[in-house]
Every structure is written in structure tokens, then in C-alpha cells.
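The block underneath contains the structure these notes are about, expressed in C-alpha cells.
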Amino acid sequence: MSIRWIASCIILINIHNHFQLSSCSIIESKSYIVTYDGYYTANIRYSIIKEATKITVNVEARPVLLSDFDVVEVSACNSTVFIESLQRSIHTRHVASNNRFTASLPKKLLGSRRRHSGDTEIRHVTKLLDVEKLWNMGYKGQGVKVAVFDTGLDKHHPHFQQIVERTDWTNEKTADDGLGHGTFVAGLIASSDQRCDGFAPAASIYAYKVFTKKQVSFTSWFLDAFNHAILRGINVLNLSIGGPDFTDRPFMDKVWELTANGIILISAIGNDGPNFGTLNNPADQMDVIGVGGINIDSKIARFSSRGMTTWELPSGYGRVKPDIVSYGASVYGSSLDGNCRALSGTSVASPVVAGAVAVMLSGIEDKRLWNPAVVKQALVEGATRLPSVATMFEQGAGKMNILASFQFMRRYSPRITFIPSYIDFNECPYMWPYCSQPLYAFGMPALINVTIVNGMSVSGRIMAGPVWEPFLEENGDLLNISILHSDFIWPWSGYMAVIVNVVPNGYNYDGTASGRISVTVMSDERGEQKRSTALLPIRVRIIPTPPRSQRLLWDQYRNIRYPPGYIPRDDLRDKTNILDWNADHPHTNFKPLYQYLRSSGYYIEVLGEPLTCVDLSQYSAFLIVDPEDEFFPSERQKLYDEVNNANLNLIIFADWYNTSVIEKIRFMDENTKEWWKPETGGTNLPALNDLLMKWNISLSAHVLDGIAIVGQTPMKYLSGTSISNAPSHSFIALSDLIDLGEEIITDRKANQLYKEAIFLYFKNDTLSKTSGFVAVFGDSSCLEVSTTSDTKSCIFLLESLLESALEGDLIDSLRQSLIPASNALPGKYSQNLPPPKRITNSNFAKYSKVILNISANAEPLYREDPKCQILSTAISQPVANVTLPSDLSGGRFRGDHSDVPDENQLSNELTSARLHEIVQFFDENGENNVEQTYMFSFNYHFNFSNGFLLFILLIIIIMYCRIVARRLIVRFRIFRFVLRRLRFSCILYSFCRVDNAVISVGAINDVYVLFDDVNCSGNPILLFIIMDKIRVRDLEVAKAE
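Numbering (this note's numbering), first residue to last: 113 to 1153.
Here it is as C-alpha cells:
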């Protein structure tokens, strides 16, 4: 299950402390989180607020003595003054809303009436992931503190052995689970019931109740619980929640603090699949292990959210997430009544990984490796690549492989690694979208956002800048590489943005170009400086620069999404998604369109800068799809000139905009006590009308819905607009649609159909023979739909327009579907509906990259034209006589277990580890006159064919050890005044397979050597005991069944 953080309605926050500084109505109030620069007592925190402001506030009491934040309720009339005054305080870091968010239960697939044949079979994920091999070696999570942030856990639930602590951070006054989700999640981690066993039954469970049984929580509840987890020294924290808001600063800061303190945070990536760009926070953060879900057949679950991250848009490109995937569909786990049940969701996959991590950590003695970076490196490096059609933005590094990751940690040495570990434009589908479109000269660069994971320390710095090493044997000198990176890598991770371009003299090259980027990071770990260098291989497919007719430019610069503002959905009938948060990018929610255009032979380049920074003469068409931001006047003029005089074709797909509808769909956020009103419509029609004004084209404030028909092709028309004014010699398409805007405003179902113009095509041949066309369609939602979907898309319309651009005139099939605009639009703005106007009392300018403010008469005040980004070329050190291997993945596909240890190998390593534990035990008990017993165990399967050689080897070893033993005895006699009586010393040689050996000290004079599982294949155990003035009271050998 994923949690969608959405502002909605909930009860007023209980106020426990109140002090009055002035008078103002408390009925209409807002709740804020004030974070400080340190942990202070309540009195000190109150004094900071008093010194900063003189208005009336209510301060909620914190459940702990020391805290770094307060929840403050202030009257709405003074909220702005309060924020400004607190932000001026030297002890205040941030002031932000105390967000409320809700949860939705995962799907109960097992209990549905309709089942696939495989659904009836219960599969234990512990068996599917081979964790039993680690159990057999004694690793069951012992010594690992695991925190479960969820709906609580019953104290006496029969499935759990080690419930160390339960805490309630909600307003329900009980830590018990009233919903069942927290019990299920905890069960996947630590259940000891064999019917639905967890991964780490011996782990210490700390249950944090942060959700009520109504599935409600607040940011402040999480902050208090996070602080408590830090103080408790939690090792692993499972967070099966998330949401699209990556700007909740108090929450994000606390997550960073958690991981900086060594807490391994594992979080669900979200259940908003199969669309791309639907990642949830905090799983999308670099320092968090984000987990996606797969089915039993190891295919990406449809519900699992996909990458890329959208923080970096529009000027950058998203990072790879999730990190890994694991089983999340029809997984069996604990229920409230002590039985088992099956649930599905990424909140199921997340505790699967959390439990597996707890088991691995219990087998790692060096606790310096118990940190977020090393664990992420182990999971990523050990993951098994899914060989299906899943891309890296769907599966991350692949399916979790516990044994391979455990082996990685056992052999680990501190280092830095990259995610992804390489870039290969030839590897499809995993490297999508990079493998879907080659690079060429004079095109937009490819942006690759690489995560640097630093396993050496929580912080570090890149030394002397990354170095680009082009391979001369593979035409690496044809690539121009620019690199931007984190100045400071913290906590545990940082970014490296790689911008790849083809040099001009590669305009006619057809082939690949390769090289690598070398990065050295220095970290200071407890006064010791450490360095690590990692290499990022890059292989790029280059083609000759395509002709202009095949190149399209996509306007990403105009996109504004949630967060941080309330940007409403494009489809007003979609009640499940009230926010537009998928970034409107060709690689996210417009992926079906991108793939169709690529399969049709077009090359799509994405513009993340103003139009003034690009040469439009390189492109056949400029695509503006669902724009929210404004246009600079210089951009409008440039576009007008390019269309009229340089044969550029302008294609626009718009959406709705109606100020009355915007006002109607606002809602009261009860927790912040403020109205949430959209900052704009589905599309910024006032900005589009300003752009289209020079062609005498305008769009109306109508909100239309229904089935539209262009020619003979029906398509869904979801909350679109209409053409209200058109120039002469233009052509339009009419369709019968209902007025959805009227339905929303009046709350009455609309049935009447209106014949409205939904599409316009205009080309002014009278100005210039080289002029392009302007095409406008009133809806963009139809471009998000795949052409194979039951819901008809309008991709065919875009394809017809691109064919018209290629032909230089409107193609016949489309022309026959249109009528002259002069016959259908008698007057400007039909039906007397006023044109769309900008909202003067919104916060839109705060989120806009183009305007500073909106005047009282609804006119924008523009910012200065931004400077175009000029990237410096990375340091280049060409390398000769070096080439990349054909397979950069390292053989991480299913069926390739070359790096996965078998049980015998792990068992041998286990023996060595236990010997170290035995020696350590005797070291710690030297004061009780217990002497160290050195035990050397060699695990072999006895082979009669080599018996003679083994016998000779045995004699040599015995003779050597006798000499060593005598030398040890001489040394011990020197310390006889400390060690009064030497109890015993023995050397045990076992030439048979011993799986589990344990030494137990029952009394000072009694030592037992126990073999829990002796597998000698019928051969006797050979024991050689050397006794030299050494008393041995008892020596027993017990053979387990």
C-alpha cells in the first residue's frame, strides 16, 4: 500500500498549551510546524517564539522532553505576519504547514471471487527468496532493531517473539492495531508463525503507531516518532507510506536526519502504476531505499509506481527509481486474529525487503557496515535483473537477491558506486528511454542523472571534479560531455548530472561512441581520510543528423505541477486524482505518445529552457501540450516569426480553464485551516490566448466533455476547451459535447449537447510561401492514452498534422473532416461567455518561471528573460587501446548466479565467523580463569580415493600443531601467576562436514563441544586431543539428528 499525501478534511488539532500574546480570532486558524536549529526544552522553544512574534498562538505540547520542532496554531488573519517573523529568528530553520495525509488499504486479491489459477496457491516469499539458507546458519535477525511505522501492533500477538517496545503517536491513546495493516507489515518482517513466517523472527521489533484506524496521520506525528527512533538507535525502519509531495520540508529534513544517523530507511515506491512519473516520497529520495512490487512470476506488478523522479524537471532529468523490486502481490502475512491473510501493494514489498535486510545485518559483525549506503549498495549490486520488458525506471536494479547481497556485504570494502552503474544506448528495453532514441549532432543533449552512493562515510566531497575519458578506439572523441555534481555528498549520497552531446563533426557518423567517467570521492571517517574512485562506462548510439521533417521539439519549460502548488487535474471527472503531478513529460504520462512517434520515425527533443535559447529552424514542429506557465513576450515574438517566415509548424493541445470552475473545486484543508484553490486551470488558456492573438485565434472558457469525432474517428474529449475565434481561411472541426463546466458550477447533471469547435488548422499562405501552420486542439488528455486502449486516443490527429507538415499542406484525409471557420463561428466568443482571465488573487506567480506577479487588471508582470545555460566541458583525458565489453550489465539476468554463493560456501564462511566469536568469548571471560581454546576446523567431505594423501597431510598437520601447542604452553606458564590453573586446551580436527558447531561453557571446569548437525556420511569423527599437564574434566561430542 502506498499513502497519498493529499490535503483533505480532519479534526482540529488538540491544543495542550496556550499562551496569549495579542488578540485575534482563533476560530479561523492555521496549523504550522516550526523547526529549530537544535533540540530544546519546551520552555526554551516557547521563548524563541515569544521573542520572534507578538501575536496570539497556541503551541501543542510535545510528547518528549527535547524536541527540534513545535506545532503552532495561529489565527488566519495573522498567519503571514507569524511566518515572516519566525523566519527572521536565528533559531528557526523553517515554518511549514502541518500536513495531514490519509492511507488507503491494499487490495485483498486472495479473497476475490474471481481468481486466476495461480492465486489459490499460497506461496511463502521467505521460500521464494531462499532466506532459509541464512536461517540454517543461525541468522534470523537477532540483534537488529527494526522499527515499523504503521497502524500499531497488539502487545500479545502470538506471531511475534521480540516486541521490544510499542509507542502511540496518534490521538487514539492506544498502541494496538485497529486496522490490521501494521500487524501485516510487522508479520512480514518478524513473524515466527510457520503458516506466514517473516524474514527475521529474532529481530527486535519497535512498533510506532503513526496512523489511526481511520488511516489518518499528520506530519508532526511522524516527526515525533522519527526523533524517538533516533534516540532508540533503530537500525532498520520500514515506512510503507508515501505521497507525491516532495516539498514537505520538515518531513524531508527529518528523513535526512534519520539516515544521517545511520538508520536504514526502506519505503514503498507507491501504488500509482502503471503510469510513469508516479513515484512517491520519501522512497524517491537518494538516501532512502525505494521498493517496487513484482508478481509471483517476477513481473512488474501493474500497481507498482514507475520512475523517473520529477524533482529535477523541467530543466533537468529524473533519477532512476525504484532502487529494487520484490514480491508485493498476493503475499501471505499476519492478521489481527492470529491467522494469516494475503495482501498486495508496494507497502507489502517494502517490509519484505526490510525483513531481508534485518536477516543480512544479523550475519554482519562489523556494525560500521550497518548504514544506508552499504545496504543500498548490497541490495543493488546483488539484485537479479528481470529479463522481461521492464525498464530501469520500473525495476531499478532488479529483483532482490538475499544471498548475493549478503555475500556482497561479507566481502565488502568501503567504496562509492553509481546508480545506474553504466549507460548503454544499445541495451533495450532496460535502458529505456536512452536506448529508444540515438543521439546526433546539433540536437538537444541527453541528460543522465546518476546517483553517487558513498559507502565510506555519511559525507564526502568529489575531488578535483569528474574526468571524462573518451575511448579513442571507439570514437569517444565524438562525444562532448558536461558534468554537474553535488558539492557535498550528504547523507550517504549525491548526484552527478551527465550531459551528453555529439560534436558538430559527428553529423554524418553512424555507429557507437564510448568512454568512461572517473570520479574520486574523499570522506573523513572518524578522523581517517578515505578515498574511493569509481568508473561510469558510457556507450552512446550515434546516427547522422536526421532531416528537419523528422525532428520535433517538445515544450517542457511550460510545465508546472503539484507540488508545490495546487495544480488541478486535466480530467475533472477523475475524482481519484485531484492533482496534476506526473510532470507532462514524454517519458512519464505521455509515454504512449512518445513511443508511437518514435515508432513512426520521428525524433523528439525536449526543451527545458525558454524558446529564445534554441534554434527553431532545426525542427519541423513545436509541440505545446497542456502548458501551465506563461510565455515571455520575446518567446511569443520569436515563435510568431518562425511560424510565419521559417516554415515552423506550431501544434497545441490545450485543456480547460474557467475561473468559476476553479473557484468551485476549491476545498478547505481542515488541518491548515486554509482554502486550497487551484492556481490555474487544467491549462493556462490566458497565456495561450496571448500567444495566439497575433493569428486572431482564441480559446474559450467552456469546459466540454463527451465523445468527440474528427472525420470518422471517435475519441474521448475529457474536460477540454473550445475554439472561440478563428482567422479567415482557417478550418475547424465541430463536435457535439456537454457543458461540464455548467454541471460543476450548478451541481446539476448536464444533458444538453452543444456543437462546439474543438480543432483548428490555419496556414497563412498569403504572407510567405515558407510559412508553417498553426493547429490547436482543445484537449490533451487523449494524448496520454495508448492507441491500443479501449479509450480512443487522439494520437491519430497529431500524426495527420505531422504528415501535413511533411507534405507542406493539409493532407486530404484531414481536410475532408474539416469545414471553413467562417461558416461555423459567426462571432467572437460564442454563447456570450467571457474570455478566460487570469486569477489575480492566486499564488501562481510564486511557482511561475516567467512572471513576477499579476496586476489587478489581470495582466502579468514579467521577469527578465533568463540567461541561456552555457555548460562547460568536463576535463577530458583520452584513452587509447581500451574498449568497453559488449555486455555492461555484468550478467545480472535471471538464471545467471555466478556471483551467488551456494550454501556450502556460506557455511564455510560461517565457521570462520563463529571461531572468531568463540575466541572473543574467551577473551571477555579471562578473569574467570577460563583459558582460550584455539579450535581449527577444516570442513571436507571425506573421499576414499584421496585417503592416502589425506592421511599424510593429517600426520604433517598433527606434528606441526604439537609443536605450536608446546610453544603456547610455554608462553602460558609465564603468566601462571595470573592464570592460576590451566583448565584445558584441545585441538580438534574434523575431516567430515560440520554444518553447525557451538561451544558452550556450562561451568568453569566443564566445556562441551556440541555439533548440532554432523554429516559424516557414515565415517567416524576423528578427534585428536593433545594433553600436556592440562586438566580436562569433560569432553563430550553430541551428534544431532
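All residues carry an ideal CB built from backbone N, CA and C; glycine is no exception. A quick note: this is a predicted structure, and the numbers were derived from the prediction, not measured.
Practice item. Evaluate the contact criterion for the segment 450-465 versus the segment 393-407: three or more CB pairs, one atom per stretch, below 8 angstroms. Key: yes
**Study point:** Close-in-space but distant-in-sequence residues of the same chain around residue 390 (CB under 7 angstroms, 5 per side omitted)
**Key:** 382, 384, 417, 418, 694
Check your understanding: First and last residue of the beta strand (DSSP E) that includes residue 697?
Key -> Here residue 697 belongs to no beta strand (DSSP E), and DSSP marks it neither H nor E.
Point to revise | For residue 834 and residue 324, the rounded distance between their alpha carbons | key: 46 angstroms
Check your understanding: On the three-state DSSP scale, how would you describe residue 1064?
Key -> helix
Exercise for review: Give me the Cβ distance between residue 564 and residue 595, rounded to the nearest whole Å; I'm assuming they're in contact under 8 angstroms.
Suggested key: With a Cβ gap of about 12 angstroms, residue 564 and residue 595 do not count as contacting.
Check your understanding: Pick from 664, 713, 684: whose alpha carbon is nearest that of residue 732?
Key -> 664
Point to revise | Cα-Cα separation between residue 980 and residue 587, rounded to whole angstroms | key: 29 angstroms
Practice item. Identify, in the order they occur along the chain, each residue of the same chain with its Cβ nearer than 6 angstroms to the Cβ of residue 290, setting aside the five sequence neighbours on each side. Key: 325
Practice item. Below 7 angstroms CB to CB, which residues in the same chain sit around residue 550 once its five sequence neighbours on both sides are set aside? Key: 537, 653, 654, 655
**Study point:** Residues bridged to residue 564 [DSSP beta-bridge criterion]
**Key:** 530, 606
Check your understanding: In terms of residue numbering, what span does the alpha helix (DSSP H) encompassing residue 798 cover?
Key -> 797-804
Point to revise | Close-in-space but distant-in-sequence residues of the same chain around residue 649 (CB under 6 angstroms, 5 per side omitted) | key: 534, 628, 996, 1000
Exercise for review: Just list the beta strand (DSSP E) runs in the segment 383-463, keeping only unbroken ones of 3 residues or longer that don't cross its boundaries, in chain order.
Suggested key: 401-406, 436-439, 443-446, 452-455
Review point. Per DSSP, what kind of secondary structure is residue 324 in: helix, strand or coil?
Key: coil
Practice item. Evaluate residue 817 with the Cβ neighbour count: other Cβ atoms within 10 Å of its Cβ, from every protein chain shown; 16 or more gives buried, anything less gives exposed. Key: buried
Practice item. Might you give, ordered along the chain, the residues of its own chain that have their beta carbon closer than 6 angstroms to the beta carbon of residue 914, omitting 5 neighbours on each side? Key: none
Check your understanding: What are the partner residues of residue 653, as DSSP defines its beta bridges?
Key -> 624
Practice item. Out of 851, 696, 845, 578, state which residue places its alpha-carbon closest to the alpha-carbon of residue 897. Key: 696
Point to revise | For residue 618, the three-state DSSP class (helix, strand or coil) | key: helix
**Study point:** Extent of the continuous alpha helix (DSSP H) to which residue 703 belongs
**Key:** 703-711
Practice item. List the endpoints of the continuous alpha helix (DSSP H) containing residue 294. Key: 293-302
Check your understanding: For residue 94 versus residue 771, is the C-beta distance shorter than 8 angstroms?
Key -> Because the chain is modelled from 113 through 1153, residue 94 falls outside the range shown and cannot be assessed.
Practice item. Give the range of the alpha helix (DSSP H) segment to which residue 872 is assigned. Key: That residue, residue 872, is in no alpha helix (DSSP H); its beta strand (DSSP E) goes 865-875.
Review point. Beta carbon of residue 579, beta carbon of residue 989: below 8 angstroms?
Key: yes
Check your understanding: Which of the three DSSP states, helix, strand or coil, is assigned to residue 927?
Key -> helix
Check your understanding: When DSSP labels each residue in this structure, what does residue 979 get in the three-state scheme?
Key -> coil
Practice item. Specify, as a first and last residue, the run of the beta strand (DSSP E) that residue 190 falls within. Key: That residue, residue 190, is in no beta strand (DSSP E); it is neither H nor E in DSSP.
Practice item. Along the beta strand (DSSP E) that carries residue 827, what are the first and last residues, could you check? Key: 825-832
Review point. How many whole angstroms separate the CB atoms of residue 658 and residue 546, which I take to be in contact at a CB cut-off of 8 angstroms?
Key: That pair is no contact at about 17 angstroms.
Check your understanding: Residue range of the beta strand (DSSP E) that residue 858 falls in?
Key -> Looking at the DSSP string, residue 858 is not in any beta strand (DSSP E); the run it does join, the alpha helix (DSSP H), is 852-858.
Practice item. Mark residue 244 as exposed unless 16 or more other C-beta atoms lie within 10 angstroms of its C-beta, in which case mark it buried. Key: exposed
Check your understanding: Going by beta carbon distance, what residues of the same chain come within less than 8 angstroms of residue 974, once the five residues before and after it are set aside?
Key -> 742, 744, 745, 962, 963, 964
Check your understanding: Just reading off the alpha helix (DSSP H) that residue 752 is part of, what are its end residues?
Key -> 745-757
Check your understanding: What is the rounded straight-line gap between the Cα of residue 429 and the Cα of residue 366?
Key -> 25 angstroms
Review point. Roughly how many angstroms lie between the CA atoms of residue 491 and residue 635, to the nearest whole one?
Key: 22 angstroms
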